[in-house]
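Heads up: the protein sequence lines correspond to chains H and R, in order. Take 68 as the starting number for the first sequence in our numbering and just add one per residue. Take 3 as the starting number for the second sequence in our numbering and just add one per residue. Working notes, structure below.
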Amino acid sequence: MIKRKTRNLIQDSVVSTVAVFIGLIIIFPLIYCFCGAFKTPHEFLTPNLLPGSFAYLGNFIEAFEKGNLLRYTVNSFIIALFGTSIRLCFSILAAYAFAYYDFRFKNLCFFLILGTMMIPADVLLATNYLTVSRLRLLNTYIGVMVVSFVSASQMFMLRQKFKSVPKEMREAAQIDGYGDISYMVNVLLPISKPIITTLFVQSFIGLWNAYLWPLIVTASSPNMRTIMVGITKLNSWEDENYQLVLAGVCVSLIPSLILFILMRRNLNKGEMDGALVG
Amino acid sequence: MKKKFLVLLAILCVLTALFAVGEEETAQVEQQVTLGSQPVTITFWHSASDDAGLLVDKYIKDFNENNEYQITVNAIYQGQYSDAATLMKTIISAENYKELPDIMQLDATGKIDYYKSGKAFTIDDAVKFFNDDIIDEYVSGALGNWQFSGAQLGLPFATSTSVTYYNKDILKAAGWDECPDTFADVIRLSKDMKAKGIKTAVFGAVPNSPTLANWLGQLGSYIVNNNNGTDATATKLECIDNGALKTFLTEWKAMYDAGALENKSLSTNQFVAGEVAILTSSSSSVNSLLSKVDGKFEVGATNFLRVNSSASYGATVSGSCLVMFDSNDALKKAATWEFIKYMTGEKVQADFAAGTGYTPGYKASVENEDYKNFLAKTPQFSVASEQLAKTPASMRSITVGPTVDFYYAIQNEVTGMLNSGASVDATVESMKENLQGLLDNYMRSNF
């Protein structure tokens with residue numbers, strides 16, 4: 068008995084040590100970024116990880132001045148929040164239709180949508196630009212967001228999730244007088260909270276980090292640029308100001324981290340929460 | 003069934019109408035209007051960031067407040083050069099020409115696309131249009147970099163070249179008063195540093211397309227045909243049969259084998275930190291480099307390292323130029339011409355050179371009193387101008403269609419040779435195959 072306990076203890080210790088080590092590797096770039104943002108230009112040239120003082124805010128002040136980060140952060144937030152919300156709405160509705168409805172050419176439509184996942188985003192740059200331009204959406208927030216309103220991968224993942232919910236649950240809901248929308252809102256979505264939360268966080272970060280598309284669509288409206296564009300303004304060919312860039316990156320990480328912390332609880336929440344409601 | 007078909011047809015018609023509305027363009031009729039008779043706003047796309055961005059903002063503010071023609075310049079930062087070039091390409095592909103600016107800062111990556119855009123208003127066009135021949139007022143070496151297929155595409159704005167910086171303190175400790183001039187000198191310096199117990203790296207670089215163009219240019223060769231792609235689209239390699247690539251690789255490998263060369267790019271920051279004795283870098287880095295070193299050691303600047311003692315001095319010109327687009331509006335064109343002359347003229351070029359380290363592309367700027375006084379105080383800034391005077395006029399930076407792939411292919415081939423210990427001949431063959439393959443692919447896809 069004692070032998071087994073000792074063996075388990077050793078096993079746990081090894082696993083924990085490896086986990087901590089891997090965790091450190093994953094988190095190290097963040098620590099490096101955070102420390103670098105507080106270094107003076109001279110300190111940045113030294114191999115020390117820690118800055119002389121965490122009270123040095125010169126890089127942040129300069130980053131906000133040179134990169135117009137405040138305005139760009141607001142733009143990024145608007146684009147990421149609304150883009151993600153609308154994308155999720157469309158994905159949920161499409162996934163519901165593919166999971167529950169039977170209609171002609173259903174499978175063909177489904178595979179056509181999935182097929183779009185195979186097309187690299189760069190290839191679509193010119194055609195998307197042409198479409199957005201003809202719809203007269205250039206230099207608008209909608210123009211930046213519109214290409215991300217539909218996501219085949221999100222639709223696919225939600226459809227798989229919806230299909231895993233027993234059909235009897237929908238039939239029971241229908242007997243209770245629930246229509247499709249009320250069943251979706253009151254039963255299906257609470258059950259699917261973990262996956263919806265995951266997709267929300269993933270999509271938000273993706274749109275938050277978008278660079279080339281927002282740059283191209285807002286070519287004539289510099290005030291509509293996103294924070295990633297602002298960060299490129301902090302470095303130049305003539306001068307490598309990595310400490311400024313890291314300060315900009317730290318600022319850009321804040322909303323994503325807050326979102327992750329807020330949503331973390333939902334990621335692990337019980338699968339059948341909504342079933343009780345139904 | 004018929005009803006469904008009609009519904010589908012109706013939807014199709016509505017969608018077509020919607021897109022047709024978006025496509026409608028107003029035909030602009032070019033009218034001759036005297037500049038200054040009415041206010042005019044022009045758009046300027048630039049890629050100047052950090053301190054250079056602040057300087058550009060200052061010049062634009064100055065121009066907007068003080069020009070006598072009621073011109074307002076709307077300056078927009080469009081990301082780095084490659085991003086701005088991608089934006090330009092996307093707009094041209096979509097034929098959405100009204101989104102193009104009146105004037106744009108462009109580096110070599112966007113040269114061919116600009117020329118082929120169908121909306122280029124080249125300097126040659128402008129000189130004819132305004133009957134205002136200002137070409138001779140610019141430094142010929144700087145102008146030459148912005149020519150393609152016989153046309154002067156733009157005027158030099160941020161002109162730089164490659165030079166060699168060195169840590170005088172380390173070299174003195176090794177018994178050297180002068181910086182090495184050739185690769186063989188670097189090997190000798192390395193031996194002397196080792197003999198004195200100095201463990202600092204001597205030199206570290208990975209050749210890419212611009213730097214290879216410099217070194218092969220010193221040997222009298224281009225990497226690709228059509229004068230390194232500046233006269234017409236490059237179609238084949240031109241450094242194989244004349245043995246220039248082999249000579250370069252042989253000397254490069256000798257440095258590595260002697261332990262004088264690190265097979266990685268050692269950055270300005272590593273030079274500033276005293277981790278490397280010699281650095282080849284852009285002349286435009288001189289300002290930031292001196293301010294970062296801040297007197298910790300003495301910084302020397304000299305000509306770009308030569309491949310061997312029979313090679314010419316010099317390096318190609320790089321940086322960026324200002325190009326104009328044809329807006330079909332005579333007033334805007336005239337305003338753009340005034341603005342481009344201001345930005346590439348004496349005052350701005352002298353101030354920009356002193357503020358960044360770029361070399362003035364305008365002849366009179368070099369003679370500008372303020373700039374001369376500045377050079378007297380910081381002689382490191384004058385190396386680029388002096389080197390440009392020595393650089394053979396035939397030396398050209400490289401312009402190829404597959405710019406990015408070419409850049410990395412050269413880096414991978416050279417680092418691969420040193421890492422794997424492959425022979426020079428095998429590497430020449432491999433580079434011949436890969437680089438020619440990239441050119442062939444580009445020609446197949448675009449012509």
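Note that the Cβ used here is the ideal one computed from N, Cα and C, for glycine as well.
{"Item": "Endpoints, the alpha helix (DSSP H) within which R/Trp47 is located", "Value": "It is not in any alpha helix (DSSP H) - R/Trp47 instead sits in the beta strand (DSSP E) that spans 42-48."}
{"Item": "Three-way DSSP call (helix, strand, coil) for R/Ile105 in this model", "Value": "strand"}
{"Item": "Chain-ordered chain H contacts of R/Leu89 [CB-CB under 8 Å]", "Value": "Leu282, Ile283, Ala286"}
{"Item": "Short CB-CB distance (under 9 Å) between H/Leu326 and chain R", "Value": "no"}
{"Item": "Check whether H/Tyr196 and H/Val296 have beta carbons under 9 Å apart", "Value": "no"}
{"Item": "Alpha carbon of R/Lys100 to alpha carbon of R/Ser329, nearest angstrom", "Value": "8 Å"}
{"Item": "Three-state secondary structure (DSSP) of R/Val406", "Value": "helix"}
{"Item": "Inter-residue Cα distance where the pair is R/Val350 and R/Gly357", "Value": "10 Å"}
{"Item": "Contact set between the region 291-324 of chain H and chain R, restricted to residues whose Cβ is under 9 Å from the partner", "Value": "Arg292, Val296, Thr299, Lys300, Leu301, Asn302, Ser303, Trp304, Glu305, Asp306, Glu307, Asn308, Tyr309, Leu311"}
{"Item": "Cβ of H/Pro257 within 9 Å of any chain R Cβ", "Value": "no"}
{"Item": "Among R/Ile136, R/Asp104, R/Asn98, the one whose alpha carbon lies nearest that of H/Thr194", "Value": "R/Asn98"}
{"Item": "Range of the contiguous beta strand (DSSP E) that encloses H/Gly119", "Value": "Note, H/Gly119: premise wrong, no beta strand (DSSP E); not H, not E."}
{"Item": "R/Leu333 versus R/Ile73, R/Met419, R/Phe46, residue with shortest Cα-Cα distance", "Value": "R/Ile73"}
{"Item": "Residues that DSSP places opposite R/Ser164 in a beta bridge", "Value": "R/Ser284"}
{"Item": "7 Å CB neighbourhood of H/Phe149 in its chain, flanking five on each side removed", "Value": "Met212"}
{"Item": "According to DSSP, residues forming a beta bridge with R/Glu264", "Value": "R/Gly206"}
{"Item": "According to DSSP, residues forming a beta bridge with R/Pro158", "Value": "R/Cys323"}
{"Item": "Contact list for the region 257-278 of chain R against chain H, Cβ threshold 8 Å", "Value": "Ser269, Thr270, Asn271, Val274, Ala275"}
{"Item": "Beta carbon proximity, H/Tyr208 to chain R, threshold 9 Å", "Value": "no"}
{"Item": "Enclosing alpha helix (DSSP H) for H/Ala277 [first to last residue]", "Value": "Where H/Ala277 is concerned, there is no enclosing alpha helix (DSSP H), given that its DSSP letter is neither H nor E."}
{"Item": "Anticipated Cβ contact below 8 Å, R/Gln389 with R/Tyr315, distance rounded", "Value": "7 Å"}
{"Item": "Continuous alpha helix (DSSP H) assignments of at least 4 residues falling wholly in the region 115-200 of chain H", "Value": "125-134, 136-167, 173-182"}
{"Item": "C-beta contact flag for R/Ala203 and R/Val295 at 9 Å", "Value": "no"}
{"Item": "Top-ranked residue by Cα proximity to H/Ser288, from R/Asp126, R/Pro394, R/Glu300, R/Phe46", "Value": "R/Phe46"}
{"Item": "Chain R contact residues for H/Ser200, given Cβ-Cβ distances below 8 Å", "Value": "Gly24, Ala96, Asn98, Glu101"}
{"Item": "Endpoints, alpha helix (DSSP H) assigned at R/Thr92", "Value": "83-95"}
{"Item": "Contact check, H/Ser270 vs H/Ile294, beta carbons under 9 Å", "Value": "no"}
{"Item": "Inter-residue Cα distance where the pair is R/Lys248 and R/Val426", "Value": "7 Å"}
{"Item": "CB contact check: H/Phe111 to chain R, cutoff 9 Å", "Value": "yes"}
{"Item": "Beta-bridge partners of R/Phe129, as assigned by DSSP", "Value": "Rather than Phe, the amino acid found at residue 129 of chain R in this sequence is Val. DSSP lists no partner for R/Val129."}
{"Item": "Proximal residues of chain R, C-beta to C-beta of H/Lys133 below 9 Å", "Value": "Ser51, Asp52, Asp53, Gly55, Leu56"}
{"Item": "Candidates H/Asn206, H/Ile128, H/Gly119, H/Val217: closest to H/Cys317 by CA position", "Value": "H/Ile128"}
{"Item": "Same chain, Cβ closer than 6 Å to R/Val31, five either side skipped, listed in chain order", "Value": "With a pLDDT of only 47 at R/Val31, under the threshold of 50, the placement of this residue in the model should not be trusted; the figure read from the coordinates follows. Around R/Val31: no qualifying Cβ."}
{"Item": "Residue environment, R/Pro41, which counts as buried when at least 16 other CB atoms sit within 10 Å", "Value": "exposed"}
{"Item": "Proximity below 9 Å, CB of R/Gln80 to CB of H/Leu301", "Value": "no"}
{"Item": "Residue interval of the alpha helix (DSSP H) (run including H/Ile294)", "Value": "294-299"}
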